[in-house]
Structure formats: structure tokens, C-alpha cells
Amino acid sequence: YARLYQVYNASLVDALETLYIAPASCPDKNGVSYFGVDCNTTCYGIASGSFCLCNADQFGFGCSQSLGAPTFKQTGVIRAGRAFTLSGPRGFSIKFPSGLFKHDQAISASLYYPPSLQISGPGTNGFTPLGSVSIFSPSGLKFDQGVNLTVPYDQAKLNTATHKGKLFYFNPEASSPWEEQSSTQNADFTIGGTIRHFSGYTTVGTPI
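If you count by the numbering used here, then the sequence shown holds residues 721 to 928, one letter each, in order.
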């Protein structure tokens with residue numbers, strides 16, 4: 721999931737942060753932005769350097785996916801030094817261990833089910849999207865310890881004879897942008913994994 725170039729959920733922070741957006745490496749063609757080494761891939765977000773940065777309602781390779789409205793959204797405040805759990809529908813949860821933050825930290829979690837989610841880009845041959853996308857803010861917030869994330873997936877989209885459910889993060893600055901996270905497919909149609917930063921995560925079926 722591309723880093724946001726604009727601040728959203730601004731009410732959760734004390735001040736807005738200014739982020740530098742590098743000029744695009746690829747020239748526009750007829751008003752359309754492009755990115756990548758060969759400058760042949762359309763960017764539906766903001767072209768910056770050789771990458772494509774998404775707006776808050778966009779997702780995936782070239783920011784070509786529209787997330788729509790979240791089916792679940794919740795905010796919370798993690799008190800300094802304390803453990804914290806934020807829970808949602810269908811087994812969704814994110815659990816923070818005690819001692820992770822030295823100061824109170826406001827967070828937000830949103831769960832989406834885009835109607836036509838696609839997984840595209842380098843290294844995605846045979847991948848099957850399993851329905852859910854989880855977006856967390858503040859985007860880019862990092863953790864010194866692993867944080868346990870459990871997200872639901874659509875069991876009708878997973879052929880267990882040929883694919884296994886996993887958790888992925890989209891990193892627009894990597895040559896193979898879909899990065900697999902340490903995760904486990906659970907019997908209750910959720911996928912549990914460990915994350916080290918806030919961004920956007922999606923459930924994917926990968927060939928066995």
C-alpha cells in the first residue's frame with residue numbers, strides 16, 4: 721500500500737505533517753501520469769520519482785483499485801505502556817503488546833471489501849484476492865515489537881485444494897511490491913499475522 725501524500729484522520733493528531741513528494745521521473749503523456757523503470761505503467765495516484773503514491777481511497781499496483789466506503793471503521797487511543805486490542809466484525813482484531821508506546825498513541829483501523837479487487841504487478845502470477853483490505857493510520861507508524869493482526873477473508877474465493885490464504889502488504893518502492901507477511905490461515909476464515917508498521921494489508925490466496 722503506497723504511502724499517503726496527504727494526511728487523513730487529521731483529528732487524531734495534534735498537528736499536520738508535511739511530506740515531501742519528489743518530482744515524477746516519467747513525463748506525462750496526454751495528461752496521463754506514468755511510472756516505473758520503462759515509464760509505461762499508468763499511475764492513477766500521484767507519480768513521485770519512479771513510483772506511484774496512492775490517495776487515501778486507492779490501493780494496489782498503480783493505485784488502480786478504488787476501495788469505496790469501509791464496512792467497519794474504528795478509532796482508539798493506546799495508553800502509554802499499556803496493552804491494547806481493537807476488535808471488529810468477523811474476527812477482525814489488532815493486538816498491541818504492553819510497553820510498545822512511551823506516549824499515548826491515537827490509531828484508526830478500517831476494513832474494506834472492494835467489489836472488484838485485483839492483485840496485479842510483478843510476482844503475482846496465480847494470486848487470488850480474498851476480498852478484504854485493512855487500512856491503518858497513522859500510515860507509516862512503526863513498531864519495535866510485532867503486532868498481531870487478524871483479518872477475515874471470503875471463504876468462497878479460496879480454493880483450498882490449490883491455494884493457501886496469506887497476508888500481504890503492498891510496497892510501491894520494491895521491485896516486487898507485494899510483500900508476504902508472516903501469517904497463518906485459521907479455521908474460522910481469518911488470517912492471522914504479525915506486522916511491524918501501519919499501512920494497508922490484504923488477504924491473498926497463493927498457489928500451494
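Don't be surprised by glycine CBs; every beta carbon is placed ideally from N, CA and C.
- Please go through the same chain and pick out, in chain order, the residues whose beta-carbon is closer than 7 Å to the beta-carbon of residue 729, but skip the five residues on each side of it. Note that residue 729 scores 34 on pLDDT, short of 50, meaning its location in the model is unreliable; the coordinates nonetheless yield the value given after this. Closer than 7 Å at Cβ, skipping near neighbours: 828 and 857.
- Task: Within the same chain, show all residues whose beta-carbon is closer than 6 Å to that of residue 795, passing over the 5 residues directly before and after it, in chain order.
- Result: The beta carbon of residue 795 sits closer than 6 Å to the beta carbons of 828 from its chain, once the five residues preceding and following it are set aside; these are given in chain order.
- Message: Per the DSSP calculation, residue 805 is bridged to which residue(s)?
- Response: DSSP output for residue 805 lists 815 as bridge partner(s).
- Residue range of the unbroken beta strand (DSSP E) whose run includes residue 771: From DSSP, the beta strand (DSSP E) with residue 771 extends over 771-773.
- From the DSSP output, read off the bridge partner residues of residue 849. Answer is 924, bridged to residue 849.
- Message: Please list the terminal residues of the continuous beta strand (DSSP E) segment that includes residue 899.
- Response: Under the DSSP assignment, residue 899 falls in the beta strand (DSSP E) whose first and last residues are 898-900.
- Does the Cβ of residue 843 have 16 or more other Cβ atoms within 10 Å, making it buried, or fewer, making it exposed? For residue 843, the number of other beta carbons within 10 angstroms of its own is below 16, and it is reported as exposed.
- Query: For residue 917, which of 876, 866, 775 and 884 has the nearest alpha-carbon?
  - Reply: Taking only the C-alpha atoms, the option nearest residue 917 is 866.
- Query: In or out: residue 724 buried (at least 16 other Cβ within 10 Å) or exposed?
  - Reply: With a pLDDT of only 39 at residue 724, under 50, the local geometry of the prediction cannot be trusted, and the value read off the model is given with reservation. Residue 724 is buried by the Cβ-count criterion.
- Cross-strand partners of residue 838 (DSSP beta bridge): In the DSSP output, where bridge partners are listed per residue, residue 838 has none listed.
- Using 8 Å as the Cβ pair cut-off and three pairs as the minimum, do the segment 866-883 and the segment 802-813 touch? Flag = yes, the segment 866-883 and the segment 802-813 touch.
- Query: Taking the alpha-carbon positions, what's the residue 853 to residue 862 distance?
  - Reply: Those two C-alpha atoms are separated by around 19 Å.
- Item | Helix, strand or coil at residue 822 [DSSP, three-state] | Residue state, collapsed to three classes: coil.
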